[in-house]
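**Q**
Numbering (my numbering), first residue to last: 33 to 283.
#1: What alpha helix (DSSP H) runs, 4 residues minimum, are completely inside the stretch 152–211?
#2: If residue 179 sits next to residue 193, beta carbons under 8 Å apart, how far is it from one beta carbon to the other, in whole angstroms?
#3: Suppose you measure from the CA of residue 163 to the CA of residue 136; what does that come to, to the nearest Å?
#4: Specify the secondary structure class of residue 42 as computed by DSSP and reduced to three states.
#5: Taking C-beta to C-beta, are residue 206 and residue 237 nearer than 8 Å?
#6: CB-CB under 8 Å to residue 97, same chain, minus the five flanking residues each way: which ones, in chain order?
#7: Could you tell me the alpha carbon to alpha carbon distance between residue 253 and residue 265, rounded to whole angstroms?
#8: Are residue 124 and residue 169 touching if we call contact CB-CB under 8 Å?
#9: Can you list, in chain order, the residues of its chain with a C-beta nearer than 8 Å to that of residue 274? Leave out the 5 residues immediately preceding and following it.
#10: May I have the straight-line CA-CA distance separating residue 59 from residue 251, to the nearest angstrom?
#11: Taking residue 268 as part of the beta strand (DSSP E), name the residues at either end of that continuous run.
#12: In angstroms with no decimal places, state the Cα-to-Cα distance between residue 139 and residue 215.
#13: Starting from residue 116 and walking both ways along the alpha helix (DSSP H), at which residues does that stretch end?
#14: So, is residue 52 buried or exposed, given that buried needs 16 or more other C-beta atoms within 10 angstroms?
#15: Where do the ends of the beta strand (DSSP E) carrying residue 87 lie?
#16: So which of 63, 68, 66, 118 has the shortest CA-CA distance to residue 85?
#17: Compute the distance between the beta-carbons of residue 184 and residue 201, then report whether it is under 8 Å.
#18: What three-state label does DSSP hand residue 82 in the structure shown?
#19: For the candidate residues 245, 79, 44, whose alpha-carbon lies nearest to that of residue 279?
#20: Compare the Cα-Cα distances from residue 34 to each of 272, 249, 263, 258 and report the closest residue.
#21: How is the beta strand (DSSP E) around residue 104 delimited, first residue to last?
Printed below as a string of structure tokens:
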């Protein structure tokens, strides 16, 4: 199978359906979870068809206001979308901010990350106190714990923990879809940052994924330091011509 960027983008647009509710509209997608209103990934709209965008924005506002959820728009990763949507969204009171450092990467070459022989790797199946502590210490909150609990119920979601002397020091995940897999949730406990643990886990996760599937493996990051680690692991930037952005309106 030849890599198809449109199929990868379609995978990316729908990934949240694994852990939240999704409603399909003629113009795009609505994701929502009234039990986890603080999670952005669980609560956002994606406008795929821009025809009649004014009516679409009004429907989005009505939908989320009715549920007591902050209206939030994620991009559909199209060229020119930011420039087209920005004035319409701002006219309806949205704050619209570009995220130009966010880039997507595809695994294409062998990893050159040095494995860590002292690290033990295990697939995690539940949110135990150690994982909960890592999420909270890493800047997450109850909203992220709820997302993790939902995802861990899905058989195609693999959350791998890295352990040093039986202590959970880092995690990362891979989600398998049709033909494409998404690497995400890379998190190291603040006490253990700067020791190369996440790099070693990325190297392991690449090999782990190969043992599971021949899917294309992709990820995104907005952090230049993280990008350098992924590049060392054999990931190459996918040339996408769009401006990423975030848009939201306070209730």
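The beta-carbon is built from N, C-alpha and C at its ideal position, and this holds for glycine as well.
Values in this document were obtained by computation on a predicted structure and should not be read as measured data.
**A** For this structure:
#1: 161–169, 174–183
#2: Actually they do not touch by this definition, with Cβ atoms about 17 Å apart.
#3: 27 Å
#4: Secondary structure at residue 42: helix, using DSSP grouped into helix, strand and coil.
#5: Going by C-beta atoms, residue 206 is nearer than 8 Å to residue 237.
#6: Excluding residues up to 5 positions away in sequence, 103, 283 lie with their Cβ nearer than 8 Å to the Cβ of residue 97 in the same chain.
#7: The straight-line gap separating the alpha-carbon atoms of residue 253 and residue 265 is approximately 14 Å.
#8: Contact annotation: residue 124 and residue 169 have beta-carbon atoms that are not nearer than 8 Å.
#9: 107, 109, 110, 111, 112, 113, 114
#10: 26 Å
#11: Run containing residue 268: 267–269, per the beta strand (DSSP E) assignment.
#12: 10 Å
#13: 113–123
#14: buried
#15: Element bounds for residue 87: not the beta strand (DSSP E) but the alpha helix (DSSP H), 85–99.
#16: 118
#17: Not a contact, by the Cβ cut-off of 8 Å.
#18: coil
#19: 79
#20: 249
#21: If you look at residue 104, you'll find it in the beta strand (DSSP E) that goes 104–106.
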